[in-house]
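Chemist: After the structure tokens below, expect a handful of questions from me.
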Amino acid sequence: MMRISVGDVSMTNVLARQGAELRAQVQRASNEVATGRHTDIAHVLRGDVAPLLAIDASLSRLAALKTTTADAAFQASAQQSALAGLSGLAEGITMTLLGARDFPTPAQVNSVTADARARLSSAIGLVNTQASGRAVFAGNATDTVPLGTADDLLTMLETAALGATTAGQVAAAVVNWFADPLGYGTFYQGGAGLSPVPIAPGEDADLPTTALDPAIRATLAGFAMAALVDRGVFAGNDDERSRLAQRAGQELLTSGDTRITLAARIGVVEAQIEAAHTRNSAESTVLGILRSDIGSVDPYEAATRLETARTQLESLYLVTARVSRLSLTEYLR
Amino acid sequence: MSITSALGSALTGLSATSRQAEILSSNVANATTPGYARRDVALSAAVLGGTGQGVAVNGITRDVDRQLLGERRRAEAGEGDRDIRSDFLARLEQALGTPDSAGSLAARVAAFDQALVAAAGRPESEARLATVASTVRDLTSGLATATDDVQDARVEADRQISEQVGKLNSTLAELEELNVALLNFTGAGRDISALLDKRQQLVDTISTIVPIREISRDLNQVALYTTGGVPLLEGRASVFGFASTRLITPEMTQALGGLSGLTINGRSYHTSGSASPILGGTLGANFAVRDELAVSAQAKLDAVARDLVDRFSGLDPTTAPGAPGLFTDQGSAFLATNETGLAGRVQINSAADPQQGGALFRLRDGLGSLTAGPPGNGSLLSALHRALNQAQPLSSTGFVSGNRSLATLTGELLSDASTQRLAAQTEQSFAASRLTALKDMEAQNGIDTDQEMQQLLTIEKNYAANARVIQTVNDMIDTVLRIGA
Numbered sequence: 014m015m016r017i018s019v020g021d022v023s024m025t026n027v028l029a030r031q032g033a034e035l036r037a038q039v040q041r042a043s044n045e046v047a048t049g050r051h052t053d054i055a056h057v058l059r060g061d062v063a064p065l066l067a068i069d070a071s072l073s074r075l076a077a078l079k080t081t082t083a084d085a086a087f088q089a090s091a092q093q094s095a096l097a098g099l100s101g102l103a104e105g106i107t108m109t110l111l112g113a114r115d116f117p118t119p120a121q122v123n124s125v126t127a128d129a130r131a132r133l134s135s136a137i138g139l140v141n142t143q144a145s146g147r148a149v150f151a152g153n154a155t156d157t158v159p160l161g162t163a164d165d166l167l168t169m170l171e172t173a174a175l176g177a178t179t180a181g182q183v184a185a186a187v188v189n190w191f192a193d194p195l196g197y198g199t200f201y202q203g204g205a206g207l208s209p210v211p212i213a214p215g216e217d218a219d220l221p222t223t224a225l226d227p228a229i230r231a232t233l234a235g236f237a238m239a240a241l242v243d244r245g246v247f248a249g250n251d252d253e254r255s256r257l258a259q260r261a262g263q264e265l266l267t268s269g270d271t272r273i274t275l276a277a278r279i280g281v282v283e284a285q286i287e288a289a290h291t292r293n294s295a296e297s298t299v300l301g302i303l304r305s306d307i308g309s310v311d312p313y314e315a316a317t318r319l320e321t322a323r324t325q326l327e328s329l330y331l332v333t334a335r336v337s338r339l340s341l342t343e344y345l346r
Numbered sequence: 032m033s034i035t036s037a038l039g040s041a042l043t044g045l046s047a048t049s050r051q052a053e054i055l056s057s058n059v060a061n062a063t064t065p066g067y068a069r070r071d072v073a074l075s076a077a078v079l080g081g082t083g084q085g086v087a088v089n090g091i092t093r094d095v096d097r098q099l100l101g102e103r104r105r106a107e108a109g110e111g112d113r114d115i116r117s118d119f120l121a122r123l124e125q126a127l128g129t130p131d132s133a134g135s136l137a138a139r140v141a142a143f144d145q146a147l148v149a150a151a152g153r154p155e156s157e158a159r160l161a162t163v164a165s166t167v168r169d170l171t172s173g174l175a176t177a178t179d180d181v182q183d184a185r186v187e188a189d190r191q192i193s194e195q196v197g198k199l200n201s202t203l204a205e206l207e208e209l210n211v212a213l214l215n216f217t218g219a220g221r222d223i224s225a226l227l228d229k230r231q232q233l234v235d236t237i238s239t240i241v242p243i244r245e246i247s248r249d250l251n252q253v254a255l256y257t258t259g260g261v262p263l264l265e266g267r268a269s270v271f272g273f274a275s276t277r278l279i280t281p282e283m284t285q286a287l288g289g290l291s292g293l294t295i296n297g298r299s300y301h302t303s304g305s306a307s308p309i310l311g312g313t314l315g316a317n318f319a320v321r322d323e324l325a326v327s328a329q330a331k332l333d334a335v336a337r338d339l340v341d342r343f344s345g346l347d348p349t350t351a352p353g354a355p356g357l358f359t360d361q362g363s364a365f366l367a368t369n370e371t372g373l374a375g376r377v378q379i380n381s382a383a384d385p386q387q388g389g390a391l392f393r394l395r396d397g398l399g400s401l402t403a404g405p406p407g408n409g410s411l412l413s414a415l416h417r418a419l420n421q422a423q424p425l426s427s428t429g430f431v432s433g434n435r436s437l438a439t440l441t442g443e444l445l446s447d448a449s450t451q452r453l454a455a456q457t458e459q460s461f462a463a464s465r466l467t468a469l470k471d472m473e474a475q476n477g478i479d480t481d482q483e484m485q486q487l488l489t490i491e492k493n494y495a496a497n498a499r500v501i502q503t504v505n506d507m508i509d510t511v512l513r514i515g516a
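This is the structure we're talking about:
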């Protein structure tokens, strides 16, 4: 039998289905407007989420590198300021020591060598600098200060120089002791140089300088020679005392070059850290923009979609209300 | 006597219209009942002794489009199949995480990477070493949770199979009884529409589980076969057999033992592949989830876990060769033969985990070191970071071969899950829209109350007309009687 009819349930089904679909659209769009994120990011990327994950991983690594570059920069600048302090101490006394043989009175030698001994203490204090709880010249033994006291140092030097009869012999004994792994090497309490610190993806900053560096050894040796005079080496022998003081001045003078070389070396690393830091921030900005390009919803587009869905849903409500009144039963009264 | 025969005809008309009203009221009452097919009263002219004698009710016809019904059933089975598959894949995607979820596996790998960089920058910091340890634990627990989710999905599928097998058996038994009842009723000439409705509903139940072909036999009997060709109901109902498993571990599969297969009347059948007669419905989909989709998902997770373990073994100079590295297989070294289920077992080496009596300094100084070394020594931490990001070949199958870093591998794992989920959802929405279209067509053939009301008007008019005929015949007879008086 050919029938001309449409079942009641058919209309109900169609309206219910369209209503559910539109409500889902409204929900999705309103969620996207509110959060700025795609409801289904995988759908937007057609399933290939790997690039987005790679961006996220890079961003999180750059966040860690931000702290490590700051740490490394702090370490380098603490080393630089300690070196600058050492240079200041050395330069303030070098010329006076060099003129020690021309002093009119032996008392002047006394005062300048006493000054040198005080400066030795200050120099050791500078080498023992700690930056945020980390001894900067102690290598990887960051928890120990690298050097002992000036008095201990001088006592060990006196022992090393025992039997020396001329200023030249004492100076040579001091220089040898500083070069000797069993001399200064045992006085040094720190560890091997710090291992390289990651500062950028695939790039490390190397800051291995310890108190064993020749520049620091030579500077300390210079102060120590003059300080030995103050400790009473060649007591009564004014000629040898002033000779040794002058020799100390020469040692400090030549150590200036090695300090400058060391400062320059650390400066290069500082520049590298700074460059890496700048590069990292630029990279994380770019990645952040890329991340929001790929992973975020265009708010205008989402709002437009919401508005469209809303209008459609309202129309559907109107249609539902009208259609459900269309029934023959209503008119058969 | 033609006047009395006119009276008789009018009476048949009255009874036919009241029968029509009865059926119509039933139609209107069941306007929204699912599975109710519209009934119609079949009328014909009654013939008595070669002449027309009013109207005869031939019976009640059910208005069913068999072709549409069969097609809708197959669409429903297909939709159920796609639904279960895409549900599982969506669940898997959730378990692994998406770029927008904070606890995704990729985010955990990135956090581990971040912690290693920070710790290498300042190895003496206890806080940074503790972060490394906690990110390692997060990573292993992420893998373990994903494994649990995958295995839970298998348990759930297994439970559903068992439930569906039970439903199939009880429904088939009911259908067998219905067939008998229909045979008796048909023989007795009674109205069988309600029984036919009931049977249609029962067959619908079966057809969502297994796609079927319904074959009509004489005397309102049906036989049911799966589209794969196995008889479900041919006089007698077939009996399905399945034993459910409460706890499923990654090592258990149907092929390697531990999980039940499917039997029909005692004979076992394939549950996958072209030889399987039960594919295409929810039953086949649940078998596919349990034995294929979840197993391959687990293999991929295990490949990632193995890559993780491999990267960090043999790095540490303080441990003996062959000793476990930072990641262990439940505390001991990983053996290549134990790859299945590794993702659920991988753990942080207890020597470096303060929660298991270890010490954090071993992350920096080596897992075998007895005492803490120089606190500023970051070389091992840097080596760990390099190992994490080194592109190296995979030891396991499951992914396309090639050199990858762990982050890349995890990214591929997540992308793969998302791609599969999207593909399955696309298929699912195709299947769903096909089913919707067919259901709409079926609904259009359903009860239209407007049409019923129109018919009601006709019935009312007919009834009045027949009554009028009786009244007129009565008047005529009265007239004849008055002549004699």
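Residue numbers (the working numbering), protein chains in the order written: chain F, 14 to 346; chain Y, 32 to 516. In this text, a Cβ means the ideal position worked out from N, Cα and C, and glycines have one as well.
1. Would you tell me roughly how many angstroms separate the C-alpha atoms of L214(Y) and L250(Y), rounded to the nearest one?
2. Could you tell me which whole alpha helix (DSSP H) segments of length 4 or greater appear in the region 338–363 of chain Y?
3. At the level of alpha carbons, what is the spacing between T48(Y) and R97(Y)?
4. On the DSSP bridge list, what partners appear for T92(Y)?
5. Does the region 202–214 of chain Y come within contact of the region 262–273 of chain Y, defined as at least 3 CB pairs closer than 8 Å?
6. Which residues of chain Y have a Cβ atom closer than 8 Å to the Cβ of H290(F), listed in chain order?
7. May I have a chain-ordered list of the beta strand (DSSP E) segments no shorter than 3 residues that lie completely inside the region 103–161 of chain F?
8. Hey, out of D311(F), R59(F), Q182(F) and R254(F), whose CA is closest to S347(F)'s CA?
9. So G308(F) contacts chain Y; which residues on that side make the cut at Cβ distance below 8 Å?
10. Residues in its own chain within less than 7 Å of T81(F) by CB, not counting five upstream and five downstream?
11. Under 8 Å by Cβ, that's how I've got V88(Y) and R50(Y) pegged, so tell me the actual separation to the nearest angstrom.
12. I need the straight-line Cα distance from L226(Y) to E110(Y), nearest angstrom please.
13. Which same chain residues end up closer than 6 Å to D180(Y) when comparing Cβ atoms and leaving out the 5 residues on each side of it in sequence?
14. First and last residue of the beta strand (DSSP E) that includes R346(F)?
15. Where do the ends of the alpha helix (DSSP H) carrying T236(Y) lie?
16. Is N493(Y) helix, strand or coil by DSSP?
17. DSSP state of I309(Y), grouped into three classes?
18. Candidates A448(Y), G297(Y) and T489(Y): which alpha carbon is nearest V62(F)'s?
19. So, T142(F) versus S94(F), is the Cβ gap smaller than 9 Å?
20. Along the region 379–410 of chain Y, what residues have a CB closer than 7 Å to any CB found in chain F?
21. Would you mind reading off the limits of the alpha helix (DSSP H) that contains D306(F)?
22. For T171(Y) and I68(F), I'd like the C-alpha separation in whole angstroms.
23. S18(F) and D479(Y) look like a contact to me (Cβ under 8 Å); what is the Cβ gap, rounded to whole Å?
24. Comparing the C-beta of I478(Y) with each C-beta of chain F, is any distance below 9 Å?
25. Taking the straight line between their C-alpha atoms, what separation do you get for V282(F) and A218(F)?
26. For T294(Y), which three-state DSSP category applies?
27. I'd like to check one pair, A108(Y) with P242(Y): are the Cβ atoms closer than 9 Å?
28. Please state whether DSSP places Q252(Y) in a helix, a strand or coil.
29. Note down the Cα distance separating A76(F) from D471(Y), rounded to an integer number of angstroms.
30. Taking C-beta pairs closer than 8 Å, name the residues in chain Y that S297(F) reaches, listed in chain order.
31. Three Cβ pairs or more, each shorter than 8 Å: is that satisfied between the region 405–417 of chain Y and the region 147–165 of chain Y?
32. Under three-state DSSP, which class holds V335(Y)?
33. Pick from D360(Y), T236(Y) and R103(Y): whose alpha carbon is nearest that of A204(Y)?
34. When you compare the CB positions of L278(Y) and V186(Y), do they come within less than 9 Å of one another, or not?
35. Run the CB neighbour count on D509(Y), radius 10 Å, all protein chains shown included, and call it buried at 16 or more, exposed below.
36. I want to verify the contact list: residues of chain F whose CB lies under 7 Å from the CB of E155(Y), in sequence order.
Modeler: Looking at the atomic coordinates:
1. Residue numbering aside, residue 214(Y) sits at position 183 when the second sequence is read from its first letter. Residue numbering aside, residue 250(Y) sits at position 219 when the second sequence is read from its first letter. Answer to the nearest angstrom: the Cα atoms are 6 Å apart.
2. none
3. Residue numbering aside, residue 48(Y) sits at position 17 when the second sequence is read from its first letter. Residue numbering aside, residue 97(Y) sits at position 66 when the second sequence is read from its first letter. So the two alpha carbons sit approximately 28 Å from each other.
4. Position 61 of the second sequence, counted from the first residue, corresponds to residue 92(Y). Answer by DSSP bridge pairing, in chain order: D71(Y).
5. yes
6. The residue you call residue 290(F) lines up with position 277 of the first sequence. Within 8 Å Cβ-Cβ: nothing; H290(F) doesn't reach chain Y, min ~13 Å.
7. none
8. Beyond the ends of chain F as shown, which are 14 and 346, falls residue 347(F); an answer cannot be given.
9. Residue mapping note: residue 308(F) aligns to position 295 of the first sequence, counting from 1. Within 8 Å Cβ-Cβ: P130 and D131.
10. If you number the first sequence from 1, residue 81(F) lands on position 68. Contacts found: V210, P211 and I212.
11. For the purposes of this step, residue 88(Y) is taken as the residue at position 57 of the second sequence. For the purposes of this step, residue 50(Y) is taken as the residue at position 19 of the second sequence. Sure, about 5 Å apart at Cβ, within 8 Å.
12. As a first step, residue 226(Y) must be located in the second sequence, where it is residue number 195. As a first step, residue 110(Y) must be located in the second sequence, where it is residue number 79. Distance between the alpha carbons of L226(Y) and E110(Y): 27 Å.
13. Looking up residue 180(Y) in the second sequence gives position 149. So the qualifying residues of the chain are A126.
14. Mapped onto the first sequence, residue 346(F) falls at position 333. Premise fails: R346(F) is in no beta strand (DSSP E) and is neither H nor E.
15. Stepping through the second sequence from its first residue, residue 236(Y) is reached at position 205. S224 to I240 is the span of the alpha helix (DSSP H), which, as asked, contains T236(Y).
16. Counted from its first residue, the second sequence places residue 493(Y) at position 462. DSSP places N493(Y) in helix when its eight states are reduced to three.
17. Taking the first residue of the second sequence as position 1, residue 309(Y) is located at position 278. The answer is coil: DSSP assigns I309(Y) none of H, G, I, E or B.
18. Reading the first sequence from its first residue, position 49 is the one you call residue 62(F). Among A448(Y), G297(Y) and T489(Y), the Cα nearest to that of V62(F) belongs to A448(Y).
19. One-based indexing of the first sequence puts residue 142(F) at position 129. One-based indexing of the first sequence puts residue 94(F) at position 81. It is a contact, given that the beta carbons lie within the stated cut-off.
20. P405, P406, G407, N408, G409 and S410
21. Along the first sequence, one-based indexing puts residue 306(F) at 293. Segment D251 to G308, the alpha helix (DSSP H) holding D306(F).
22. Residue mapping note: residue 171(Y) aligns to position 140 of the second sequence, counting from 1. Residue mapping note: residue 68(F) aligns to position 55 of the first sequence, counting from 1. Spanning the two alpha carbons is a distance of roughly 23 Å.
23. Numbered from 1 along the first sequence, position 5 holds the residue referred to as residue 18(F). Numbered from 1 along the second sequence, position 448 holds the residue referred to as residue 479(Y). At roughly 4 Å, the Cβ-Cβ gap stays under 8 Å, so S18(F) and D479(Y) are in contact.
24. In the second sequence, counting from the first residue as 1, residue 478(Y) sits at position 447. With 9 Å as the cut-off, I478(Y) counts as an interface residue toward chain F.
25. Translated into positions along the first sequence, residue 282(F) becomes position 269. Translated into positions along the first sequence, residue 218(F) becomes position 205. Computed Cα separation, rounded: 6 Å.
26. Along the second sequence, one-based indexing puts residue 294(Y) at 263. T294(Y): strand per DSSP, three-state reduction.
27. The residue you call residue 242(Y) lines up with position 211 of the second sequence. The residue you call residue 108(Y) lines up with position 77 of the second sequence. Yes, the pair counts as a contact, with Cβ atoms nearer than the cut-off.
28. By 1-based counting over the second sequence, the position of residue 252(Y) is 221. Strand at Q252(Y).
29. Along the first sequence, one-based indexing puts residue 76(F) at 63. Along the second sequence, one-based indexing puts residue 471(Y) at 440. Each residue's Cα considered, the two are about 56 Å apart.
30. As a first step, residue 297(F) must be located in the first sequence, where it is residue number 284. By Cβ distance, chain Y contributes nothing, its closest Cβ being about 13 Å from S297(F), past 8 Å.
31. yes
32. Taking the first residue of the second sequence as 1, we reach residue 335(Y) at position 304. Residue state, collapsed to three classes: helix.
33. Locating residue 204(Y) in the second sequence gives position 173, counting from the first residue. Nearest option by C-alpha distance: T236(Y).
34. Walking along the second sequence from the start, residue 278(Y) turns up at place 247. Walking along the second sequence from the start, residue 186(Y) turns up at place 155. For L278(Y) and V186(Y), yes; Cβs fall inside 9 Å.
35. Residue numbering aside, residue 509(Y) sits at position 478 when the second sequence is read from its first letter. Exposed, by the Cβ-count rule.
36. As a working mapping, residue 155(Y) is identified with position 124 in the second sequence. R147, T155 and D156, listed in chain order.
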